Amino acid sequence: MKLYYLPGACSFVPHTALEWIGQPYEAEAVSRDKIKSPEYLALNPQGAVPLLVDGDFALSQNIAILTYLDNLHPEAKLFGSDTAQDKAKAMRWLSFFNSDVHKAFTPFFRLPPYAQGNEALTAEIRQNAADNVLSMLEIANDHLEHHAFFGERLCVADVYLYTMLGWAKRVGLDVSHLTHFKSFIERVEADKGVDAVRIQEGLKA
């Protein structure tokens, strides 16, 4: 089984899941040029990460990959539990982070063509994006007031949020008023699987 990833991207989540599973796997860091190459596009026409290859089976999209890995290795409890309701709760948070919060970060990394070269419009778009991201992160922060994690225990939803909090720091988004994130980050980074992936991806100082 092989995972293609960009360091610090959302592919950090299945990378961590593979560590939690504890079975042999290969992880290959790819460049942004590589994921647009004909060879890569033949496996994933979207030209994005993550991409998981299992024999002759290639699978993209985080939720699809994580569900596949969970079905193969239910003992790893990637969603933090083995009960249907608790897994559904974690999946709900994973979907929120993957679909809503992740998308809201897009203007920080890729501007729409009509805004390129227009500094005033760029600033307006990114300010709107910041407001949108912060409003959604506030929902997550409120949850952490009474919960340690977004599953019954540390799960893939937590790792997704942890990854995006790294993005917030990278783009200079101030989340210091969301006071439950500091201890949350510490809890996530204390996990051996997360720590191993941070080292592999060159993200640990």
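Last residue of the sequence shown: 559 (our numbering), numbering continuous.
Built from N, CA and C at the ideal position, the CB exists for glycine as well.
On a predicted model such as this, the values are computed, not experimentally measured, just so you know.
Enclosing alpha helix (DSSP H) for residue 422 [first to last residue]: 416–426
Start and end residues, beta strand (DSSP E) containing residue 382: 380–383
Where residue 356 sits in the DSSP three-state scheme: strand
Residue nearest to residue 431 in terms of C-alpha spacing, selected from 511, 489 and 535: 511
Beta-carbon proximity check, residue 359 vs residue 555, cutoff 9 Å: yes
Three-pair Cβ contact test at 8 Å for the region 421–430 versus the region 483–495: no
Distance between beta carbons of residue 404 and residue 357, contact taken as under 8 Å: Their Cβ separation, rounded to whole angstroms, is 6 Å, which keeps residue 357 and residue 404 in contact under 8 Å.
Pairwise C-alpha distance: residue 508 and residue 558: 20 Å
Three CB pairs or more closer than 8 Å across the region 492–508 and the region 538–552: yes
DSSP-derived helix/strand/coil call for residue 503: coil
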